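Protein chains in written order, with this note's numbering: chain A, 3 to 282; chain B, 3 to 282.
C-beta atoms are modelled at their ideal positions from N, C-alpha and C, and glycine is treated no differently.
Given the structure is predicted, the values throughout are model-derived calculations rather than measurements.
Protein chains: 2
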Amino acid sequence: MTRKRDGETYWLEGVGRAMRVLECFADGNPELRLTDLSHRSGITKTQALRIASTLEAGGYLHRDPETKRYRLGITVFHLGTAVHNSMDLRHIAHPYLQRLVDATQETARLIVPHASGPVCIDVVESQKGIRVFAQLGAKMPWNAGTSPKLILAYLPEEEREHILTHRPFKRYTKRTIVDARELRREVLSIRGQDFYYCDGDLDEDAFGVSAPIFNHAGSIVGTVNVSGPSSRRSKAEVDQFIRLVRAAGAEISRELGHCPAALATAVSEHSDSRVPARGP
Amino acid sequence: MTRKRDGETYWLEGVGRAMRVLECFADGNPELRLTDLSHRSGITKTQALRIASTLEAGGYLHRDPETKRYRLGITVFHLGTAVHNSMDLRHIAHPYLQRLVDATQETARLIVPHASGPVCIDVVESQKGIRVFAQLGAKMPWNAGTSPKLILAYLPEEEREHILTHRPFKRYTKRTIVDARELRREVLSIRGQDFYYCDGDLDEDAFGVSAPIFNHAGSIVGTVNVSGPSSRRSKAEVDQFIRLVRAAGAEISRELGHCPAALATAVSEHSDSRVPARGP
DNA sequence: TGATTTGTTTCTCTTGCCGAAACTTGGTTT
DNA sequence: AAACCAAGTTTCGGCAAGAGAAACAAATCA
């Protein structure tokens with residue numbers, strides 16, 4: 003009988019496997035052999051072949067007839083752009099990103115929470131020669147960077163704990179927090195703040211400022227972020243960035259129907275609440 | 003026993019169904035209800051729910067808890083950008099598109115063949131106020147526009163016939179070819195040419211010029227296209243466009259390892275060949 | 001040439017899946 | 001507020017779609 007995964011939602015094993023195969027390509031592997039697919043997805047070679055063949059027939063994968071290697075197919079690209087065009091948040095936020103770049107001359111990003119790590123869904127790049135490398139569609143770790151930690155701060159208790167306990171954390175720089183307990187402490191201390199500033203924890207020479215974006219229900223749906231090379235970071239500039247990014251976050255949230263007062267409410271709904279550090 | 007679809011490749015029904023569900027969102031439907039998914043994909047509601055739930059758990063779909071409507075999820079976006087970044091053809095062709103736009107002041111596109119219609123995988127837009135609407139990732143019909151017909155011309159006999167016979171063709175303007183026989187005639191007359199010019203068959207007020215892109219093996223892998231509003235079309239301009247687009251197509255092909263002489267060969271390998279209308 | 005790795009097929013067993021129909025929920029009509 | 005309708009969800013038993021071990025084939029290496 004068709005079962006439910008941990009009694010919550012329906013889960014079809016076959017479809018799940020197909021998704022696992024596709025995701026083999028997610029972390030920077032443009033080309034993979036059948037054996038790689040099998041290894042990475044933990045699926046038997048036999049079955050990996052059948053899944054890959056099916057996906058290929060649907061245009062989700064492309065196999066080079068010569069080398070026998072697989073790549074993601076045009077259909078995935080096509081669907082990807084379809085998402086891109088249908089994202090409300092992106093439409094609303096884009097002009098704000100543009101304005102942030104105009105005002106700061108640094109790169110601005112829009113980042114949304116996602117099960118396996120926050121994903122960057124929009125970028126407006128700085129025009130300066132030295133700038134942070136911001137890749138559209140890139141997935142971030144949970145333990146480094148301003149946006150991931152800010153998102154963690156506002157995620158519901160349960161989800162946050164799930165992430166904090168179920169992950170091994172990677173070190174990126176000497177300032178990266180890799181200990182789950184320390185990360186929890188840091189993250190909880192952010193709650194209630196409408197911005198977060200951090201320097202050199204994901205990239206040795208970069209700093210960033212993020213502000214949360216809330217929807218009408220007061221849940222966090224993303225963050226706006228501005229980041230740049232540490233070399234251009236002066237006290238005055240950072241203060242200005244914080245002011246601008248906070249404002250952008252608040253504005254975007256407002257456009258999404260978020261009532262500012264709900265921030266305090268959203269926080270206090272949870273157990274270990276603290277009064278917001280700053281009002282609006 | 004696991005069967006093969008028409009004896010050719012493996013085909014897993016479950017995976018196929020999941021793909022069908024995802025593709026419901028392909029043609030401009032950002033939001034769909036369970037019932038819509040069921041109807042559009044021809045899958046029972048029961049099963050559509052189970053597939054959609056599974057896809058949702060994997061981040062391939064997102065369901066608004068309020069409205070119960072589905073949207074494509076972040077994972078699809080993430081994978082989409084991964085394809086985008088790994089496309090060799092795109093990397094090679096992009097600078098040529100840019101140069102075409104600089105020289106012509108009109109919009110340039112890179113289009114690749116795909117089972118259910120050519121897809122635009124790169125665009126450099128004209129900066130003029132009046133310009134063609136070119137959507138990245140958009141799928142085109144087979145019977146209208148310069149690129150689709152040019153691709154048809156160079157596709158292997160079998161594939162071309164499959165497309166020509168298995169489709170009902172839609173009319174876009176009064177000049178659109180909707181009759182399969184007429185389309186075959188037109189398309190065969192293009193074979194051997196290294197460009198194709200057309201005016202007002204997809205969009206009443208737009209014209210376009212496309213040139214084929216061949217790979218090292220002499221198969222068509224895409225087209226370069228420049229298109230603009232008919233109002234700006236003068237004889238001299240069209241001639242210039244043709245010259246530029248032809249050159250770009252040839253150059254990109256060369257970078258892909260295509261040996262120009264192979265063009266004549268590729269054509270004459272097939273039955274009803276004709277000598278190329280123009281040499282290089 | 002033999003050894004090793006990668007890709008493909010075969011075959012058998014069964015578990016994951018399928019669909020009809022019943023049930024629930026929320027909104028609209030009378 | 002009862003009756004209605006449409007959308008979503010759950011249940012259930014039967015069975016065929018699919019899983020995997022192992023044999024086979026085809027490259028690649030040494």
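Considering Cα atoms alone, identify which of the options is closest to residue i.
i      : options                        : result
D124/A : L102/A, Q242/A, P143/A, L154/A : L102/A
I244/A : Q195/A, S40/A, I222/A          : Q195/A
T11/A  : V134/B, L112/B, A59/B, R92/B   : A59/B
S128/B : D104/B, E239/B, S255/B, Y174/B : D104/B
Y174/A : P67/A, D201/A, R256/A          : D201/A
Y198/B : L57/B, G147/B, P143/B, R92/B   : G147/B
V121/A : R92/A, K130/A, I132/A          : R92/A
P170/A : P143/A, R73/A, T225/A, E188/A  : P143/A
N31/A  : Y72/A, L51/A, A50/A            : Y72/A
R162/B : E239/B, V240/B, T106/B, E188/B : E188/B
Run down chain A in chain order and give the residues with a C-beta less than 7 Å from the C-beta of residue i.
i      : result
V114/B : I76
R73/B  : S88
H80/B  : A28, V121, G139, K141
T56/B  : Y12, W13, L14, V17, G18
T83/B  : G82, L138, G139
May I have the straight-line CA-CA distance separating residue i from residue j, to the nearest angstrom?
i      : j      : result
R186/A : G220/A : 21 Å
S270/B : H260/B : Residue placement at S270/B is poorly supported in this model, since its pLDDT is 38, which falls under 50; the coordinates still yield a value, given next. Those two C-alpha atoms are separated by around 16 Å.
L157/A : S212/B : 50 Å
L154/B : H96/A  : 38 Å
E15/B  : A20/A  : 12 Å
G82/A  : K151/A : 26 Å
N87/A  : H116/B : 20 Å
I53/A  : V17/B  : 7 Å
S40/A  : V23/A  : 8 Å
I108/A : G119/A : Residue identity check: residue 108/A is Glu in the sequence provided, not Ile. Approximately 24 Å, taken between the alpha carbons.
D90/B  : D66/A  : 13 Å
A110/B : W13/A  : 44 Å
I215/A : S149/A : 11 Å
Q242/A : S229/A : 13 Å
Y98/A  : L112/A : 10 Å
V180/A : E159/B : 59 Å
A140/A : E206/B : 40 Å
Q100/A : V247/A : 12 Å
E25/A  : A136/A : 21 Å
T225/B : G210/A : 41 Å
K176/A : N145/A : 13 Å
V240/A : K130/B : 38 Å
T106/B : L190/B : 29 Å
K172/A : L138/A : 22 Å
H164/B : G61/A  : 17 Å
E68/B  : L51/A  : 39 Å
At a cut-off of 7 Å, is residue i close to the ligand COA when judged by its beta-carbon and the heavy atoms of the ligand?
i      : result
A252/A : In the structure on display, the ligand COA does not appear, and there are no ligands present to speak of.
Is it true that the CB of residue j sits closer than 8 Å to the CB of residue i?
i      : j      : result
A208/B : S232/B : yes
L258/B : N217/B : yes
D203/A : T167/A : no
V223/B : V114/B : yes
L63/B  : G44/B  : no
V85/A  : V134/B : no
K70/B  : R35/B  : yes
K47/A  : T37/A  : yes
I192/A : I94/A  : no
A28/B  : H80/A  : yes
For residue i, which residues in chain B fall below 9 Å Cβ to Cβ?
i     : result
A95/A : The contacting residues do not exist; A95/A stays about 15 Å from chain B at best.
Using a cut-off of 8 Å between C-beta atoms, extract the partners of residue i located in chain B.
i      : result
G147/A : Neighbours of G147/A on chain B: none; closest Cβ ~17 Å, over 8 Å.
For residue i, return the contacting residues in chain B, with the cut-off set at a CB-CB distance below 7 Å.
i     : result
P32/A : S88
L24/A : L81
Starting from the beta carbon of residue i, find every residue of chain A whose beta carbon is closer than 8 Å, and list them in chain order.
i     : result
G61/B : H116, A117, S118
Checklist entry - Can you list the alpha helix (DSSP H) stretches of 4 or more residues lying completely in the stretch 180-225 of chain B, in chain order? => result Those alpha helix (DSSP H) runs which fall completely within the stretch 180-225 of chain B and span 4+ residues are 182-192.
Next on the checklist: As an exercise, report each continuous beta strand (DSSP E) stretch of at least 3 residues that is fully enclosed by the stretch 47-93 of chain B, in chain order.
Outcome noted: DSSP runs (the beta strand (DSSP E)) wholly in the stretch 47-93 of chain B: 63-65, 72-74.
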